[in-house]
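For reference, the structure is listed below as C-alpha cells.
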Amino acid sequence: MKKILVLGDIHANYPALKAIQNYVRPNRYDRIINTGDFTVYSTFPNETIQWFRKKNKKSICILGNTDKRIIRILKGKKLKRPKKEEKRVMYFWTFKNLLPENVSYLKSLPKHSDFTIGNIRIGVFHGTFDDEDESLFPGTPERRFRKLAKDSLYQVHIMGHSHVPYYKIVDGVHFINPGSVGRMFDGDPRTSFAVLNISAGKIGVEHFRIPYQVEEVIKGLKKNNLPDIYTKMYRTGKKLN
Ligand SMILES: [Fe+2]
Numbered sequence: 004m005k006k007i008l009v010l011g012d013i014h015a016n017y018p019a020l021k022a023i024q025n026y027v028r029p030n031r032y033d034r035i036i037n038t039g040d041f042t043v044y045s046t047f048p049n050e051t052i053q054w055f056r057k058k059n060k061k062s063i064c065i066l067g068n069t070d071k072r073i074i075r076i077l078k079g080k081k082l083k084r085p086k087k088e089e090k091r092v093m094y095f096w097t098f099k100n101l102l103p104e105n106v107s108y109l110k111s112l113p114k115h116s117d118f119t120i121g122n123i124r125i126g127v128f129h130g131t132f133d134d135e136d137e138s139l140f141p142g143t144p145e146r147r148f149r150k151l152a153k154d155s156l157y158q159v160h161i162m163g164h165s166h167v168p169y170y171k172i173v174d175g176v177h178f179i180n181p182g183s184v185g186r187m188f189d190g191d192p193r194t195s196f197a198v199l200n201i202s203a204g205k206i207g208v209e210h211f212r213i214p215y216q217v218e219e220v221i222k223g224l225k226k227n228n229l230p231d232i233y234t235k236m237y238r239t240g241k242k243l244n
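This is the structure:
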C-alpha cells in the first residue's frame, strides 16, 4: 500500500501545518504533495517552505498564484493584482520577509508536476492542466470534469486553488482537492487536508478537518501590524475580502 499526504493552499500558515504533522506523522507517507500557494496571508512563509525543503526527497511541490506573484515582485515587476490595499500589504510583507534560500527554492519550483506510484499516473496542478488559475468546485458542471477527463494523461488529478475539498470520479478519472491547509473560506476555521491510499491499483481518498492553534497565527499578524481583517478571517474561517 502506498500512502500520499495531500496538502495545498497553505498560505504560510505554519501552525496549521504543524497540527497536521502532529496528527498524521508525515514520515509514514511515501509522498507529500503540495498543490501550491505556500505564501501570503500568514506570517510564516519561511517556516512553511523550510518544512518542505527538509522533506525534499519525498515531497512534490508546485507554485500557486500567490507564489507566482511573490516571484514577480522579487523580479522587480509591478504587482497588478490584487488591487485591494489590505491584500497588497500581505504580498509586500511576504516579499520583505522571505529568506534568500527560500526565495531560491520557490524560484526552482514548477507550475505543475506529475509522478507514478503503484502504476498509477498522477498529475499535480494548482488549477487545472488547461488553466493554472481555474477554480473547480464540487458543484462545477459535470461537463467541465468530463472534458478534463477526456483530455487527461493521468488517472488521478490532485488540484488546489478553490480552497474547497472534494473527491470526484468522472469517466474513470479521479479528481482530488484537499481543501486549504491555511486559509479557510467555508466558515469552519479548522485546517483541511487529504490522504490518498493506493493499493493493488485501487484508489482511496480520505479528507480531514482538524483544529490548530489559530491564536499563533493571530499573534504573528498583530506582531507585524498587519490588517485586522485577517485576524477575523482566521478566527471565523471565512473569506472576508
Ligand atoms: Fe490559495
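Count the sequence shown with our numbering and you get residues 4 to 244, in order. Just so it is clear, CB atoms sit at the ideal spot from N, CA and C, and this is done for glycine as well. Given the structure is predicted, the values throughout are model-derived calculations rather than measurements.
From the DSSP secondary-structure annotation, give me the bridge partner or partners of residue i.
| i | result |
| --- | --- |
| Val-198 | Leu-8 and Glu-209 |
| Asn-37 | Leu-10 and Cys-64 |
| Lys-241 | Asp-189 |
| Asn-100 | According to DSSP, which records beta bridges pairwise, Asn-100 is partnered with nothing at all. |
| Ile-123 | Ile-120 |
What residue range does the alpha helix (DSSP H) around residue i cover?
| i | result |
| --- | --- |
| Arg-75 | 68-77 |
| Val-217 | 217-226 |
| Ile-52 | 48-57 |
| Trp-27 | Going by the sequence as given, residue 27 is Val instead of Trp. 17-27 is the span of the alpha helix (DSSP H), which, as asked, contains Val-27. |
Is it buried or exposed, residue i, if we count other Cβ atoms within 10 angstroms and call 16 or more buried?
| i | result |
| --- | --- |
| Ile-232 | exposed |
| Ala-203 | exposed |
| Thr-51 | buried |
| Leu-77 | exposed |
| Met-4 | exposed |
| Arg-84 | exposed |
| Gly-175 | exposed |
| Ser-155 | buried |
| Arg-186 | buried |
| Asp-12 | buried |
| Thr-119 | exposed |
| Asp-133 | exposed |
| Pro-141 | exposed |
| Asn-122 | exposed |
| Phe-95 | exposed |
| Asn-59 | exposed |
| Arg-34 | buried |
| Arg-72 | buried |
Between which two residues does the beta strand (DSSP E) harbouring residue i extend?
| i | result |
| --- | --- |
| Asp-191 | Here Asp-191 belongs to no beta strand (DSSP E), and DSSP marks it neither H nor E. |
| Thr-119 | 115-120 |
| Asn-180 | 176-180 |
Is residue i near ligand 2, with its Cβ less than 6 Å from a heavy atom?
| i | result |
| --- | --- |
| Asp-70 | Annotation note on ligand 2: not contained in the displayed structure, which lists ligand 1 as its ligands. |
Whole runs of the alpha helix (DSSP H) within the stretch 126-174, excluding any shorter than 4 residues: 145-154
Residues whose Cβ lies closer than 5 Å to any heavy atom of ligand 1, in chain order: Proximity to ligand 1 was defined by a C-beta distance below 5 Å to any of its heavy atoms, and the residues meeting it, in sequence along the chain, are Asp-12 and Asp-40.
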